[in-house]
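Residue numbers (our numbering), protein chains in the order written: chain A, 11 to 145; chain B, 11 to 145.
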DNA sequence: CCATCATTTACGCTCGTTGTTATATATGTC
DNA sequence: GACATATATAACAACGAGCGTAAATGATGG
């Protein structure tokens with residue numbers, strides 16, 4: 011059934027939007043459906059299935075209130091993601107000098123080219139565009 | 011082609027293992043292939059494509075050294091994940107009291123049931139298994 | 001009890017990702 | 001130049017995620 015890793019769950023933009031909503035507080039399923047439909051234009055059952063994934067993976071929990079279901083965010087999987095990051099957190103202190111400040115102020119275009127010679131993203135259509143630098 | 015979100019990239023266990031390797035330092039493509047094959051038993055081209063995904067998404071960069079390619083970890087996307095978490099980080103301080111300590115020591119079974127009545131994962135096959143609590 | 005609203009499930013479809021096999025591109029060696 | 005090593009790409013098959021439509025379940029109100 012639904013044995014998804016936390017990152018698989020977070021891979022879907024609809025689910026990220028739902029989590030974003032829930033970060034502001036509890037939401038009824040109807041509110042979530044409305045918000046997601048406004049952004050992605052998918053059907054209500056599709057949203058419901060995303061809610062189910064979020065429930066089964068522990069990111070959210072629902073509570074029946076009258077004829078509505080109220081969803082709330084649950085911290086556990088997010089904490090696990092944070093723990094996973096821990097291993098790399100020490101790492102980026104090394105080579106993030108001036109670069110970090112630039113990123114921290116909102117420059118989130120996947121960081122393709124900085125000033126360093128090492129090129130991360132390849133695939134220029136014309137050439138074969140290797141990322142071969144730094145001797 | 012491959013316009014994947016950072017979380018899509020991290021969703022694959024092979025790619026997570028590669029990142030784990032690179033966190034310890036630079037690795038040649040051959041070393042990565044050997045390690046991944048030992049763990050997952052997939053072919054060399056399959057590993058190479060994962061490396062390509064990691065390159066294109068900015069998680070790794072390669073450098074030609076002789077006839078080998080040396081891969082290194084790049085911090086930018088990991089920093090972005092960290093920034094994404096920032097929005098939720100303030101949140102789990104609220105309801106993570108004693109629960110956090112328990113999680114922090116390695117209890118990572120998706121956090122289905124704690125002591126609270128709110129049930130996260132539903133779908134018990136027999137009943138209809140609602141998560142109905144808290145009046 | 002029946003109408004109505006809200007949510008979930010079942011099914012069929014499409015599309016992207018992942019894998020394998022075969023081939024291409026470098027680079028180093030003789 | 002011929003050949004071996006190292007790595008990347010191409011072509012193709014297959015599995016699974018995600019969607020929509022349609023039907024079912026559950027709750028509230030008359």
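Don't be surprised by glycine CBs; every beta carbon is placed ideally from N, CA and C.
Cα-Cα separation between residue i and residue j, rounded to whole angstroms
{"i": "residue 79 of chain A", "j": "residue 71 of chain A", "result": "10 Å"}
{"i": "residue 28 of chain B", "j": "residue 53 of chain B", "result": "15 Å"}
{"i": "residue 73 of chain A", "j": "residue 81 of chain A", "result": "6 Å"}
{"i": "residue 130 of chain B", "j": "residue 89 of chain A", "result": "Because the pLDDT of residue 130 of chain B is 40, which lies under 50, any placement of that residue in the model is unreliable, and the question is left without a value."}
{"i": "residue 83 of chain A", "j": "residue 38 of chain A", "result": "12 Å"}
{"i": "residue 76 of chain A", "j": "residue 102 of chain A", "result": "49 Å"}
{"i": "residue 87 of chain B", "j": "residue 40 of chain A", "result": "33 Å"}
{"i": "residue 24 of chain B", "j": "residue 59 of chain B", "result": "11 Å"}
{"i": "residue 69 of chain A", "j": "residue 19 of chain B", "result": "19 Å"}
{"i": "residue 62 of chain A", "j": "residue 16 of chain A", "result": "14 Å"}
{"i": "residue 51 of chain A", "j": "residue 57 of chain A", "result": "10 Å"}
Any C-beta of chain A under 7 Å from that of residue i
{"i": "residue 50 of chain B", "result": "no"}
{"i": "residue 76 of chain B", "result": "no"}
{"i": "residue 25 of chain B", "result": "no"}
{"i": "residue 37 of chain B", "result": "no"}
{"i": "residue 4 of chain B", "result": "Because chain B spans 11 through 145 in this model, residue 4 of chain B falls outside it and cannot be assessed."}
{"i": "residue 40 of chain B", "result": "no"}
Test: residue i CB closer than 7 Å to a CB of chain B
{"i": "residue 85 of chain A", "result": "yes"}
{"i": "residue 81 of chain A", "result": "no"}
{"i": "residue 59 of chain A", "result": "no"}
{"i": "residue 45 of chain A", "result": "no"}
{"i": "residue 33 of chain A", "result": "yes"}
{"i": "residue 64 of chain A", "result": "no"}
According to DSSP, residues forming a beta bridge with residue i
{"i": "residue 38 of chain A", "result": "A:80"}
| said: Would you call the stretch 85-100 of chain A in contact with the stretch 41-48 of chain A, where contact means no fewer than 3 C-beta pairs closer than 8 Å? | reply: Under the three-pair Cβ rule at 8 Å, the stretch 85-100 of chain A does not count as touching the stretch 41-48 of chain A.
| query | Mind pulling the beta strand (DSSP E) runs of 3 or more residues that sit fully within the stretch 48-76 of chain A? | reply | Annotation note: the stretch 48-76 of chain A contains the following uninterrupted beta strand (DSSP E) runs of length 3 or greater, listed N- to C-terminal: 70-75.
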